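Worksheet: the structure to be examined is printed underneath.
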Ligand code: ADP
Ligand code: MG
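In the numbering used here, the protein residues as written are 2 to 542.
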């Protein structure tokens with residue numbers, strides 16, 4: 002993998018001129034300003050992968066996530082123009098198959114239709130660096146409330162173009178969110194990045210995704226298999242005949258990408274037994290101790306209700322059905338195996354309920370959540386620390402009965418202590434956006450809007466600043482959120498708020514939103530269909 006992969010590169014673009022931490026914790030590039038820590042990290046990277054120094058001058062750190070650090074570099078070649086490159090340094094504990102699969106997604110599906118391509122890949126021992134064309138991009142939060150309606154249309158159209166492309170290759174991205182869809186507003190360029198959590202469909206064209214297992218599957222299978230990477234090839238071996246073709250330590254690293262442990266929430270019971278994840282979440286006691294209203298949710302396999310759960314004798318009768326407790330029989334049931342990667346606020350209901358058969362439809366749900374942010378002017382729209390809270394938040398928008406009904410179609414039973422109605426999407430977005438209102442919304446207005454809504458009430462408690470500002474107020478620089486490290490970064494963008502088109506959002510927009518936020522993955526709109534939706538009429542493919 003030390004040699005160039007020789008992949009076509011997109012046009013590099015100009016440097017960003019400002020820098021700050023983004024809502025998701027990543028660091029945006031700031032020209033001519035380097036923190037001492039950043040300088041040290043750059044030095045360490047040169048030391049870890051010395052060959053980088055022959056080709057690049059690393060200028061700055063532009064992103065820092067759990068699984069990687071991304072740097073801006075320029076090429077130092079003797080011939081040709083200087084190019085700007087993004088160097089993604091993967092954490093050395095990443096699973097080799099995971100790394101190779103991420104790279105293969107970029108090389109096979111990337112480089113066109115708004116999917117990021119790759120230029121080179123470097124490896125020294127367990128350090129892997131993917132070199133990609135650099136795309137200067139905006140912070141979603143900075144521009145959210147200054148986008149014209151037409152720009153929102155273009156943004157969504159280009160996102161669907163990228164999703165159509167990767168879905169055609171049988172790639173489920175699993176982490177579609179604004180920080181993984183780069184947008185250069187000036188150049189109207191877009192790029193879907195970060196295939197670090199991607200998985201393959203059953204008929205995926207990305208060979209290595211066939212070896213990428215869900216986190217729960219990895220847990221149980223990783224002891225039995227070993228992976229060997231040689232050059233651009235990968236082979237899978239059983240413990241009976243272990244292969245040691247590659248001398249690089251990376252191949253021997255047993256440590257998996259740490260999302261496995263980070264995302265699986267298995268608790269030890271008092272007696273040392275594993276506790277079932279499908280525990281009762283009482284939002285009243287956990288989140289809203291002072292509030293009267295609450296939704297208590299519980300998710301079970303439909304089989305649990307039929308008392309035939311796999312690890313539990315069929316004869317044992319569960320006695321917690323329709324109660325807000327989890328009985329000892331349910332506590333002893335085996336953990337449901339299903340992929341749950343991604344960011345809670347963007348997770349589809351079938352992901353949140355751990356449905357094992359997940360498809361490309363989960364990316365379309367995430368795209369729907371982005372669209373919801375764009376139409377309502379609120380980001381992040383859902384902010385939940387755990388899956389059941391996220392599910393309760395979805396219910397407050399899409400309705401509890403509807404969510405329960407849809408979950409049945411994919412074999413899940415959700416118990417909910419309180420019925421909440423589905424909201425009219427247009428009314429909701431217009432209220433939150435504050436259409437036709439030139440004055441900042443008062444806290445009391447928002448409180449009135451959200452008082453029937455426990456999720457929003459929760460947000461009021463913890464993220465009050467997030468809900469009490471209208472787009473206009475945020476833009477005027479009065480934002481209480483400015484610089485807030487809790488994911489509310491304020492609005493530092495100088496570009497003017499563009500109200501154009503927002504006074505007459507067509508029904509087609511909400512129709513598309515409704516089809517994206519379809520609780521049932523089987524009927525949810527696909528990327529290909531979305532591109533043909535009347536919302537995009539007049540837009541050429
Ligand atoms: P992670 O797995 O750590 O989330 P990503 O691939 O999403 O890594 O990259 C993290 C951040 O780095 C992105 O949100 C983006 O800001 C920046 N970034 C990644 N790739 C590029 C690129 N090709 N051009 C410009 N910036 C990039
Ligand atoms: Mg990312």
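All C-beta atoms in this analysis are idealised placements derived from N, C-alpha and C, irrespective of residue type, glycine included. Fair warning: this is a prediction, and the values are worked out from it, not measured in the lab.
A straight line joining the alpha-carbon of residue 170 with that of residue 109 spans about 8 Å. Within the same chain, Cβ atoms closer than 7 Å to the Cβ of residue 347 are found at 177, 178, 367, 370, the five residues on either side in sequence being excluded. Counting the other Cβ atoms within 10 Å of the Cβ of residue 391 gives 16 or more, which makes it buried.
For residue 46, the shortest C-beta to heavy atom distance toward the ligand ADP is 7 Å or greater. When distances are taken from the beta-carbon of residue 195 to the heavy atoms of the ligand ADP, the shortest one is below 7 Å. Rounded to whole angstroms, the separation of the alpha carbons of residue 379 and residue 500 is 15 Å. Residue range 150–169 is occupied by the alpha helix (DSSP H) that includes residue 165, with no beta strand (DSSP E) assigned at that position. The ligand ADP has a heavy atom closer than 7 Å to the beta-carbon of residue 135.
Taking residue 410 as the centre and dropping the five residues before and after it, the same chain places the C-beta of 521, 523 closer than 7 Å to its C-beta, in chain order. Distances between the C-beta of residue 183 and the heavy atoms of the ligand ADP include at least one below 7 Å. A distance below 8 Å between beta-carbons, with the five flanking residues on each side excluded, links residue 515 to the following residues of its chain, in chain order: 426.
If you ignore the 5 residues before and after residue 350, its C-beta comes within less than 7 Å of the C-beta of 392, 395, 404, 407, 408, 520, all in its own chain and listed in chain order. In the DSSP assignment, residue 57 forms a beta bridge with 76. Residue range 121–125 is occupied by the beta strand (DSSP E) that includes residue 123.
Remark: fewer than three beta-carbon pairs, one from each stretch, lie closer than 8 Å, so the segment 92–100 and the segment 136–151 are not flagged as touching. The alpha-carbon separation between residue 37 and residue 124 amounts to approximately 26 Å. Annotation: residue 193 to residue 424 spans about 31 Å, alpha carbon to alpha carbon. Under the criterion of beta carbons closer than 8 Å, residue 167 and residue 210 do not qualify as touching, at roughly 11 Å.
Residue nearest to residue 412 within the set 329, 503, 302, 421 is 302 (criterion: CA-CA distance).
Between the ligand MG and the CB of residue 66, the shortest heavy atom gap is smaller than 7 Å.
Taking the Cα of residue 75 as reference, the smallest distance to any Cα among 116, 54, 92, 164 is reached at 54. Inter-segment contact for the segment 522–536 and the segment 358–365 is present: three or more beta-carbon pairs are separated by less than 8 Å.
Distance from the CA atom of residue 536 to the CA atom of residue 41, rounded to whole angstroms, is 48 Å. The DSSP-derived three-state label of residue 185 is strand. Shortest gap from the CB of residue 180 to any heavy atom of the ligand MG: under 7 Å. Taking residue 60 as the centre and dropping the five residues before and after it, the same chain places the C-beta of 73, 74, 75 closer than 7 Å to its C-beta, in chain order. For residue 186, the CB contacts under 7 Å within the same chain, skipping 5 residues up- and downstream, are 139, 144 in chain order. Burial of residue 115 is indicated by the presence of at least 16 other C-beta atoms within 10 angstroms of its C-beta. Per the DSSP secondary-structure output, residue 417 pairs in a beta bridge with 298. The shortest C-alpha to C-alpha distance from residue 332 to any of 360, 299, 361 is the one to 299. For residue 191, the enclosing beta strand (DSSP E) begins and ends at 190–193. When DSSP states are grouped into helix, strand and coil, residue 131 belongs to the strand group.
Sixteen is the threshold: since fewer than 16 other Cβ atoms of the shown chains lie within 10 Å of the Cβ of residue 541, the residue is exposed. If you look at residue 371, you'll find it isn't in any beta strand (DSSP E); it sits in the alpha helix (DSSP H) that goes 362–377.
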